[in-house]
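In the working numbering, the protein residues as written are 25 to 324.
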């Protein structure tokens with residue numbers, strides 16, 4: 025049963041989303057500013073250092089906890105539907121992940137749509153990965169993670185690395201990944217009223233149009249659910265049972281299992297889309313991050 029803190033936060037988010045959907049759609053800059061205002065001011069744990077870095081032409085930052093185990097590294101791709109989000113909005117999440125995993129974390133500020141449509145985000149993720157390896161990063165001690173769009177981008181990056189015959193990370197750990205930008209999963213309609221954070225409405229469709237533009241949204245590098253699942257790195261996928269994107273996770277898990285790959289499916293009862301954003305507010309967020317960190321630490 026969700027905590028009182030989670031229920032209160034979820035109710036506030038639901039009310040905020042209902043108010044936003046009641047009127048005319050806000051312009052993109054207003055949406056971006058609202059997302060940043062909601063999350064960028066949240067504190068990070070004591071002792072964590074943050075240093076900006078140019079990761080192969082991609083703005084990024086090193087998030088370093090007080091204790092790091094060897095060369096353990098996480099490359100993190102933030103969520104936001106490919107159109108919102110940045111280093112600030114997810115710093116409170118990734119800093120906790122870095123502490124729990126005892127890992128340096130590269131927080132990647134990939135380019136956003138519609139100014140930079142597909143494949144800009146994937147190109148930037150690839151550039152950051154290659155920069156990491158060129159600067160002493162070791163695949164055997166590196167994980168890739170990300171939430172929502174960044175979770176889908178995590179899987180797409182692993183597919184692209186495989187397809188191009190490049191070194192892959194030791195593991196991947198997507199959170200609530202958006203893997204189907206065609207909305208073909210049943211949960212898009214069945215759970216539309218259950219997820220406080222996300223619904224199957226016009227906002228998601230607008231994100232698809234902004235990111236995919238003239239490219240078929242069923243392209244596997246846009247919607248990894250339609251890709252090939254052979255020869256991917258070990259993967260753990262977390263998803264909330266209330267998510268409209270629930271089937272985006274279950275179908276990827278099934279695909280990896282059918283390809284005899286290594287995948288751990290972690291559905292979180294009663295949780296909404298990317299509940300980890302409630303870090304510092306609800307205990308379930310901290311627990312989700314701890315589970316993610318344990319998986320990564322075991323494999324890197």
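Cβ coordinates follow ideal geometry from the N, Cα and C atoms, glycine included.
In the DSSP assignment, what residue or residues form a beta bridge with residue 86?
For residue 86, which the question treats as bridged, DSSP gives the partners 75 and 130.
Please state if the CB of residue 128 and the CB of residue 204 are separated by a distance shorter than 9 Å.
Not closer than 9 Å, so no.
Count the other CB atoms within 10 Å of the CB of residue 262; is the residue buried (16 or more) or exposed (fewer)?
Per the 10 Å Cβ criterion, buried.
Whole angstroms are fine: how far does the CA of residue 154 sit from the CA of residue 85?
Taking the straight line from one Cα to the other gives about 16 Å.
I'd like to check one pair, residue 300 with residue 320: are the Cβ atoms closer than 9 Å?
The answer is no: Cβ separation not under 9 Å.
Where residue 317 and residue 286 are concerned, what is the direct C-alpha to C-alpha distance, given to the nearest angstrom?
Between residue 317 and residue 286, the C-alpha separation is close to 17 Å.
So the candidates are 252, 304, 115 and 237; which of them puts its Cα closest to the Cα of residue 282?
When only C-alpha atoms are compared, the closest one is 252.
Put residue 250 into one of helix, strand or coil per three-state DSSP.
It is helical.
Taking a contact to mean a Cβ-Cβ separation below 9 Å, would you say residue 196 touches residue 138 in this structure?
Not a contact, by the Cβ cut-off of 9 Å.
For residue 297, is the classification buried or exposed, using 16 other Cβ atoms within 10 angstroms of its Cβ as the cut-off for buried?
Buried, because 16 or more other Cβ atoms sit within 10 Å of the Cβ of residue 297.
Would you report the Cα separation of residue 64 and residue 132, rounded to the nearest angstrom?
Between residue 64 and residue 132, the C-alpha separation is close to 15 Å.
May I ask you to report which of helix, strand or coil DSSP gives residue 216?
Three-state DSSP puts residue 216 in coil, outside helix and strand.
Note down the Cα distance separating residue 148 from residue 105, rounded to an integer number of angstroms.
Whole-angstrom Cα-Cα distance: 16 Å.
Quick one: give me the first and last residue of the beta strand (DSSP E) that residue 199 is part of.
Taken as a continuous stretch (DSSP letters only), the beta strand (DSSP E) holding residue 199 covers 195-199.
Using CA coordinates, which residue listed in 158, 29, 135 and 110 is at the minimum distance from residue 62?
The residue with the shortest Cα to Cα distance from residue 62 is 110.
Cα separation between residue 126 and residue 47?
Cα-Cα distance, rounded: 44 Å.
Hey, out of 114, 99 and 108, whose CA is closest to residue 157's CA?
Checking every option, the nearest Cα to that of residue 157 belongs to 99.
Can you give me the Cβ contacts of residue 33 inside the same chain, cut-off strictly under 8 Å, excluding the 5 residues immediately before and after it?
So the list reads 302, 305 and 306, once near-sequence residues are dropped.
Helix, strand or coil: how does DSSP classify residue 260 here?
If DSSP states are grouped into helix, strand and coil, residue 260 belongs with the strands.
Quick check: the Cα distance between residue 120 and residue 267, rounded to an integer number of angstroms?
Roughly 23 Å between the two C-alpha positions.
Just to confirm the assignment, what range does the alpha helix (DSSP H) spanning residue 175 have?
Unbroken alpha helix (DSSP H) run through residue 175: 173-187.
Express the C-alpha separation of residue 255 and residue 168 in angstroms, rounding to a whole number.
If you take the alpha carbons of residue 168 and residue 255, they lie about 16 Å apart.
Note down, in chain order, each residue of its chain lying with its Cβ closer than 6 Å to the Cβ of residue 73, except the 5 sequence neighbours on either side.
88.
Using the Cα positions of residue 31 and residue 247, report the straight-line distance between them to the nearest angstrom.
One C-alpha to the other measures close to 31 Å.
For the beta strand (DSSP E) containing residue 289, list its first residue and its last residue.
Segment 287-292, the beta strand (DSSP E) holding residue 289.
My assumption, with CB atoms under 8 Å, is that residue 97 sits in contact with residue 176. Please give the rounded CB distance.
Residue 97 to residue 176, Cβ: 21 Å. No contact.
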